[in-house]
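Asks: Residue numbers (the numbering used here), protein chains in the order written: chain A, 2 to 463; chain B, 2 to 463.
This is how it looks when you write it as structure tokens:
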């Protein structure tokens with residue numbers, strides 16, 4: 002698997018129209034058009050910042066050179082997490098973190114690939130009994146993918162120790178483990194023949210070793226497969242493989258208690274590429290073969306996306322017991338296991354689903370718009386708005402002295418505001434407000450004293 | 002006012018103990034100690050990232066040189082917001098944004114000054130009738146500071162046009178407006194004599210002009226002051242000042258409707274330093290003279306903090322009608338007004354308050370810990386935990402095969418988990434769970450079928 006997560010798309014800032022605009026602007030930049038070139042570069046170039054901050058401009062953080070230090074932007078959330086634990090001597094913690102990371106990749110806006118994108122990580126750090134936190138990570142992935150209703154999915158599981166043990170018993174030289182692992186990682190987008198050919202011709206592996214690997218990496222199963230491999234004449238010769246397989250059995254027993262074995266499969270071809278994994282590794286993929294939205298299919302999942310494979314990885318992770326120790330001066334280890342959710346990919350799929358369905362998506366949490374049908378009632382509108390704000394109601398008012406009633410109602414329709422509190426001379430005289438339900442257009446008079454209660458009652462489930 | 006917000010402190014990641022550790026580590030680095038120097042540098046140096054990502058290391062975003070482009074890190078959230086509006090041709094929007102910004106300042110950990118810190122911005126963009134969105138921004142500042150109970154506060158308000166008009170009628174040459182403005186900005190930490198001396202001796206202003214400015218900047222008031230200045234023989238000669246003063250009157254009329262005039266003061270000495278402000282400017286300060294926590298007093302509020310002034314700015318902002326146009330190739334303007342909350346400063350004060358009070362702060366949202374009093378019940382604990390998770394209960398279980406009951410209970414005490422569901426052989430036989438309330442130590446047997454309901458009932462208000 003490529004290390005980059007399938008989340009390299011900043012989708013939630015952009016409506017489809019905005020996306021089209023952005024594409025056109027990118028095209029314009031490519032075509033030249035000197036006048037606008039600097040205006041529409043998509044990176045935060047230094048010139049964006051200059052001339053805005055007066056005397057404080059000296060504090061702008063230039064990146065060219067920091068007194069000889071070589072700096073880089075955060076690549077993922079795992080390494081900074083490990084560094085944080087080591088620096089603060091945290092020996093156990095469970096936390097999630099949603100934040101931006103950066104890749105010096107070629108941005109491809111039309112394929113939704115950016116240099117800046119969000120990741121969403123969950124990790125459990127601490128010295129615990131084997132496979133209990135690992136099982137919780139898988140339970141969480143199962144829960145997220147089930148609840149979000151993204152379609153059917155599978156969670157592939159393997160173990161770095163099983164892979165290494167397998168390579169050893171198949172006769173792969175020690176110094177070729179990593180590079181052969183990278184080739185195995187391509188099995189979900191290349192045929193076995195091509196993978197075998199790369200191993201033998203490009204990486205110099207013997208044909209016998211390659212064929213033995215081929216037999217193992219075709220295996221998929223559950224606890225039964227782990228048991229079978231523990232009895233396997235060759236595999237059982239590797240201490241490492243046995244340790245991995247024993248833990249795999251244990252993991253499946255916990256997954257049974259968590260009732261998630263329907264989606265989890267022990268798959269010997271799973272081989273995530275990151276150096277820091279030391280034990281269990283896993284990856285969740287959507288398996289729906291139905292009409293996969295184009296944008297979703299093209300985005301994320303690293304190189305796989307470029308190959309046009311339509312199913313995609315939406316989560317991945319594993320155990321990294323050595324990483325914290327790399328940041329501790331005395332090398333003290335804090336075992337960790339974690340998962341990264343491809344949050345931008347997930348959002349993109351959910352947006353596509355919402356668009357495909359007829360349901361209107363609300364773009365605001367506003368419960369009520371304070372409106373007026375007549376002129377010169379701005380002050381009364383502001384007074385009522387403040388009353389509602391002070392009572393904890395999410396209220397909005399148009400920032401115009403005399404807006405048309407129609408445009409006030411239209412705004413509610415467009416943004417999904419469910420109620421309108423309408424003020425007029427008569428209502429003010431009578432001490433009431435006309436409360437309008439946007440979708441039914443029904444209107445009733447509510448006394449000013451009961452308005453808050455009535456709005457709360459009507460928006461309880463909205 | 003200095004442009005840097007009072008929020009330059011990353012406090013919420015660090016408990017007081019962590020802070021002490023960090024201080025000691027900083028000291029250690031300063032003292033030399035070669036062995037640990039690279040381990041405890043507080044910046045994300047490139048070496049932190051290398052050797053962790055395998056073949057994907059090529060994607061690490063080095064900052065030294067991006068093909069000749071000069072890049073910088075985000076300085077605040079306002080300029081990126083303006084650029085976003087221009088790029089996406091957004092002509093009206095209301096939004097908040099909490100994110101990190103960067104300053105190439107000398108970090109001073111012991112004073113809580115970092116190069117990376119959070120800002121929290123709220124902005125309203127769009128062509129509207131004067132002062133309505135501006136009043137909403139001030140209402141929001143008032144609401145936040147009131148609800149968080151940070152102590153008494155004042156919101157100073159002024160207008161860039163009133164300042165410029167005042168400088169003009171006092172005889173300040175056009176090309177000295179900005180630099181004199183910077184000096185006026187120091188009035189909250191320097192005496193008038195010193196400010197006057199800087200204007201005259203360092204900046205070459207005439208004594209007469211300085212003295213005239215001195216008379217104006219001592220003025221504070223409300224709508225009455227705006228009215229008086231509109232009648233002022235000198236001030237009324239400036240069209241700019243009159244426009245600002247007329248809007249100021251309008252602003253106060255809206256603030257009266259919002260019932261926030263008790264805290265808002267029109268103060269002619271307020272002069273925020275940023276170039277992009279074009280109209281109303283404001284700044285909120287805490288005025289409590291009581292025992293201000295040392296860390297809070299020293300942190301934030303830019304240079305003022307260094308001077309040891311104990312009251313501090315916790316929010317600031319203003320109107321910037323020209324900024325979006327600077328990013329639009331055709332210069333199309335989108336008027337904006339916004340506010341920045343000094344979120345890290347605010348958190349720091351709240352943390353100090355929480356520490357000073359006897360109240361225990363919960364460090365987790367967990368409602369119930371699934372525990373056992375006997376050995377060999379891990380599987381039963383996991384099964385029950387999954388049951389609770391599936392029912393939407395926030396449950397936790399210790400990742401040990403046979404944890405001691407005492408350590409399970411102690412963990413609940415420490416982290417504020419209110420309930421413990423205890424399993425034992427007898428309970429399993431009887432189909433019940435012993436539900437323990439942590440603070441009262443009371444225990445009752447609850448049937449397995451009613452457990453979810455009972456936990457929900459007991460944690461409704463927790």
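Beta carbons are placed, not taken as given, at the ideal position from N, Cα and C, and that holds for glycine.
Have a look at residue 208 of chain A and residue 268 of chain A and give me their C-alpha separation to the nearest angstrom.
Replies: 23 Å
Asks: Strictly below 9 Å CB to CB, what residues from chain B border residue 129 of chain A?
Replies: Those within 9 Å of residue 129 of chain A in chain B are 399, 400, 401.
Asks: Taking 8 Å as the limit between beta carbons, can you name the residues of its chain near residue 362 of chain A, skipping five residues before and five after?
Replies: 355, 417
Asks: So, is residue 297 of chain A buried or exposed, given that buried needs 16 or more other C-beta atoms within 10 angstroms?
Replies: In this prediction, residue 297 of chain A scores a pLDDT of 41, lower than 50, which makes its location untrustworthy; the coordinate-derived value is nonetheless stated afterwards. Buried.
Asks: Between the C-alpha atoms of residue 128 of chain B and residue 82 of chain A, what's the straight-line distance to the nearest angstrom?
Replies: 44 Å
Asks: Compile a chain-ordered list of the residues in the region 168 to 184 of chain B whose CB is closer than 8 Å to at least one CB of chain A.
Replies: 179, 183
Asks: Whole angstroms are fine: how far does the CA of residue 280 of chain A sit from the CA of residue 166 of chain A?
Replies: 12 Å
Asks: Return helix, strand or coil for residue 328 of chain B, following the three-state DSSP convention.
Replies: coil
Asks: For residue 389 of chain B, which residues of its own chain have a beta-carbon under 6 Å away from its beta-carbon, when the five flanking residues on both sides are left out?
Replies: So the list reads 396, once near-sequence residues are dropped.
Asks: So, are the CB atoms of residue 142 of chain A and residue 156 of chain A less than 8 Å apart?
Replies: yes
Asks: Apply the 10 Å Cβ neighbour rule to residue 432 of chain A and answer buried if 16 or more other Cβ atoms are within range, or exposed otherwise.
Replies: exposed
Asks: Against chain A, with Cβ distances strictly below 8 Å, would residue 384 of chain B count as a contact?
Replies: yes
Asks: Closest to residue 438 of chain B by CA distance: which of B:430, B:420, B:425 is it?
Replies: B:420
Asks: Where residue 325 of chain B and residue 84 of chain B are concerned, what is the direct C-alpha to C-alpha distance, given to the nearest angstrom?
Replies: 6 Å
Asks: Taking only beta-carbon positions, decide if residue 258 of chain B is within less than 8 Å of chain A.
Replies: yes
Asks: Check whether the Cβ atoms of residue 284 of chain B and residue 316 of chain B lie closer than 8 Å to each other.
Replies: yes
Asks: Under 8 Å by Cβ, that's how I've got residue 278 of chain B and residue 459 of chain B pegged, so tell me the actual separation to the nearest angstrom.
Replies: The Cβ separation is near 52 Å, so there is no contact.
Asks: Can you look up residue 184 of chain A in the DSSP assignment and give me helix, strand or coil?
Replies: helix
Asks: Tell whether a beta-carbon distance below 8 Å holds between residue 262 of chain B and residue 154 of chain B.
Replies: In this structure, residue 154 of chain B does not lie closer than 8 Å to residue 262 of chain B by Cβ.
Asks: Cβ of residue 33 of chain A less than 8 Å from any chain B Cβ?
Replies: Confidence in residue 33 of chain A is poor, its pLDDT being 44 and thus under 50, which makes the residue's placement unreliable; the coordinate value appears in the next sentence. Closer than 8 Å: no.
Asks: Considering only DSSP beta bridges, list what residue 240 of chain B is partnered with.
Replies: Answer is none; residue 240 of chain B lacks a bridge partner.
Asks: Tell me whether the beta-carbon of residue 137 of chain B lies closer than 8 Å to the beta-carbon of residue 125 of chain B.
Replies: yes
Asks: Check distances from the C-beta atoms of the region 239 to 268 of chain B to those of chain A and list, in chain order, the residues that come in under 7 Å.
Replies: Closer than 7 Å at the C-beta level to chain A, one finds these residues of the region 239 to 268 of chain B: 255, 258, 259, 260.
Asks: Under 8 Å, do residue 434 of chain A and residue 407 of chain A count as touching if we go by C-beta distance?
Replies: no
Asks: On the criterion of 16 or more Cβ atoms from any shown chain inside 10 Å, does residue 3 of chain A qualify as buried, or is it exposed?
Replies: Residue confidence for residue 3 of chain A is low, a pLDDT of 35 falling below 50, so the modelled location carries little weight; the figure read from the coordinates is stated next. Counting Cβ neighbours within 10 Å, residue 3 of chain A comes out buried, since at least 16 surround it.
Asks: Between the region 168 to 181 of chain B and the region 196 to 213 of chain B, are three or more C-beta pairs nearer than 8 Å?
Replies: Contact holds: three or more Cβ-Cβ distances are below 8 Å.
Asks: Is the CB of residue 464 of chain A under 8 Å away from at least one CB in chain B?
Replies: Absent from the model: residue 464 of chain A. The displayed extent of chain A is 2 to 463, so no value can be given.
Asks: Between residue 341 of chain B and chain A, is the shortest Cβ-Cβ distance under 8 Å, so that the two count as touching?
Replies: Cβ-Cβ to chain A under 8 Å: no for residue 341 of chain B.
Asks: Apply the 10 Å Cβ neighbour rule to residue 461 of chain B and answer buried if 16 or more other Cβ atoms are within range, or exposed otherwise.
Replies: When all chains shown are included, residue 461 of chain B counts as exposed.
Asks: Beta-carbon of residue 134 of chain B versus every beta-carbon of chain A: anything under 8 Å?
Replies: yes
Asks: Anything in chain B within Cβ reach of residue 204 of chain A, meaning under 8 Å, just list it in chain order.
Replies: Chain B residues near residue 204 of chain A: none, gap ~13 Å exceeds 8 Å.
Asks: Starting from residue 284 of chain A, trace the beta strand (DSSP E) in both directions and tell me its first and last residue.
Replies: 281 to 287
Asks: Considering Cα atoms alone, identify which of B:401, B:402, B:376, B:457 is closest to residue 425 of chain B.
Replies: B:376
Asks: Within the region 186 to 223 of chain B, note down every full beta strand (DSSP E) run reaching 3 residues or more, in order along the chain.
Replies: none
Asks: Using the C-alpha atoms, what's the distance from residue 247 of chain B back to residue 233 of chain B?
Replies: 13 Å
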